[in-house]
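Letter 68 of the sequence shown, counting from 1, is numbered 74 in my numbering, and no numbers are missing.
Here the structure is laid out as structure tokens; the discussion comes afterwards.
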Amino acid sequence: GFFQIVMLENSADATLNINAEPIDNLNNSVTFASPEHVLTWVRGDAQRGFIVYFKDTFLAHYQARIQDAFPYFRLTEVNDVHPDGEAKARLHDHCARLLATFRRAHPYRVQMLQALLLVLLFDCKHMYEHQAHIARQAAPNQVLTDRFQQLIHQHYLNRKTVEAYAAMLGVSPDYLSHIVKSTTGKGASQHIAERILLEAKKLLVYSDLNIAEIAHYLGYSEPTHFGRFFRRHTQLNPLAWRNQNR
Numbered sequence: 007g008f009f010q011i012v013m014l015e016n017s018a019d020a021t022l023n024i025n026a027e028p029i030d031n032l033n034n035s036v037t038f039a040s041p042e043h044v045l046t047w048v049r050g051d052a053q054r055g056f057i058v059y060f061k062d063t064f065l066a067h068y069q070a071r072i073q074d075a076f077p078y079f080r081l082t083e084v085n086d087v088h089p090d091g092e093a094k095a096r097l098h099d100h101c102a103r104l105l106a107t108f109r110r111a112h113p114y115r116v117q118m119l120q121a122l123l124l125v126l127l128f129d130c131k132h133m134y135e136h137q138a139h140i141a142r143q144a145a146p147n148q149v150l151t152d153r154f155q156q157l158i159h160q161h162y163l164n165r166k167t168v169e170a171y172a173a174m175l176g177v178s179p180d181y182l183s184h185i186v187k188s189t190t191g192k193g194a195s196q197h198i199a200e201r202i203l204l205e206a207k208k209l210l211v212y213s214d215l216n217i218a219e220i221a222h223y224l225g226y227s228e229p230t231h232f233g234r235f236f237r238r239h240t241q242l243n244p245l246a247w248r249n250q251n252r
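Laid out in structure tokens, this is it:
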């Protein structure tokens with residue numbers, strides 16, 4: 007799968023969703039997606055901009071996993087930044103140089119593209135860290151929430167209760183639920199369910215596994231348990247949802 011960097015202009019009539027969550031203000035945002043994300047969009051008539059696609063193997067010489075070096079590609083993080091006018095112009099220039107180099111015949115074109123891509127990624131990282139710093143100052147409890155969301159991403163296949171994550175974080179379940187609700191507007195159990203549902207929907211759409219195999223992969227001892235969970239959150243059983251969305 008591909009990593010994607012999406013920077014759109016003249017996009018008032020376009021819509022972009024990442025993991026079923028809409029991205030607001032497309033004209034003033036840069037969106038990031040990893041192969042683990044589900045990115046859908048409807049293009050606008052006047053839409054312009056850049057989309058950069060690359061595989062992790064393209065940066066294999068860089069000694070770090072992409073999601074570790076550039077957290078805006080993680081499922082557990084915010085996947086967009088909102089640059090000001092000067093920063094947006096700079097990102098536009100980075101993308102324009104990438105495109106010009108891609109179209110140019112040059113013996114070191116690949117190496118030049120790798121270097122230019124890293125420049126773009128690190129400039130975005132600087133903006134992302136600045137944005138995250140402002141968010142943490144505005145919400146001191148964000149650190150605990152971030153740790154909780156990262157743990158969900160790592161353990162959702164075998165830990166599905168608020169109590170399990172609270173124990174890992176060294177806080178009470180009630181305290182964790184209160185903090186997560188206050189910082190995100192959603193309960194801790196909802197975050198856990200959404201991560202399981204995201205993986206379930208990806209498997210239902212993009213894999214040939216049957217429902218029992220998907221249930222087993224997601225850590226359910228019985229397919230019926232998975233079926234009840236899925237229906238509770240989508241109002242459809244897994245097979246019906248698969249048939250609707252394939």
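All residues carry an ideal CB built from backbone N, CA and C; glycine is no exception.
As the structure is a prediction and not an experimental result, all values here were calculated from the model.
Opposing strand residues paired with residue i [DSSP bridges]
i: TYR59; result: GLN10
i: ILE220; result: According to DSSP, which records beta bridges pairwise, ILE220 is partnered with nothing at all.
i: ILE140; result: Bridge partners of ILE140: none, in fact.
i: VAL48; result: THR21
i: PHE236; result: None; PHE236 has no bridge partner.
i: GLU42; result: According to DSSP, which records beta bridges pairwise, GLU42 is partnered with nothing at all.
i: VAL36; result: MET13, VAL87
i: PRO28; result: ASN23
i: ARG54; result: GLU15
Within 8 Å, strictly: CB atoms of residue i and residue j
i: ILE29; j: LEU22; result: yes
i: TYR78; j: TYR162; result: no
i: LEU97; j: VAL58; result: no
i: TYR171; j: ILE185; result: no
i: ALA20; j: VAL48; result: yes
i: ASN25; j: LEU204; result: yes
i: ASP62; j: PHE9; result: yes
i: GLN137; j: VAL177; result: no
i: ARG103; j: LEU122; result: yes
Presumed contact (8 Å Cβ cut-off) between residue i and residue j, rounded CB distance
i: HIS100; j: LEU126; result: 4 Å
i: ALA199; j: SER183; result: 13 Å between Cβ atoms; not a contact.
i: ALA218; j: PRO229; result: 4 Å
i: PHE154; j: LEU175; result: 6 Å
i: ARG54; j: ASN16; result: 5 Å
i: ILE202; j: LYS166; result: 7 Å
Residue i beta carbon near the ligand ATP (any heavy atom closer than 7 Å)
i: TYR226; result: As for the ligand ATP, it is missing from this structure, which has no ligand bound.
Problem - alpha helix (DSSP H) segments (min. 4 residues) lying fully within the stretch 144-191 - result: Those alpha helix (DSSP H) runs which fall completely within the stretch 144-191 and span 4+ residues are 148-161, 168-175, 179-190.
Practice task
Decide yes or no for the touch test of the stretch 231-241 against the stretch 75-94: beta carbon pairs closer than 8 Å, at least 3 of them.
Solution key: Under the Cβ criterion (8 Å, minimum of three pairs), the stretch 231-241 does not count as touching the stretch 75-94.
Problem - the stretch 180-190 / the stretch 206-226 touching (three or more Cβ pairs under 8 Å) - result: no
Practice task
Entirely within the stretch 62-149 and at least 3 residues each: give me those beta strand (DSSP E) ranges in chain order.
Solution key: none
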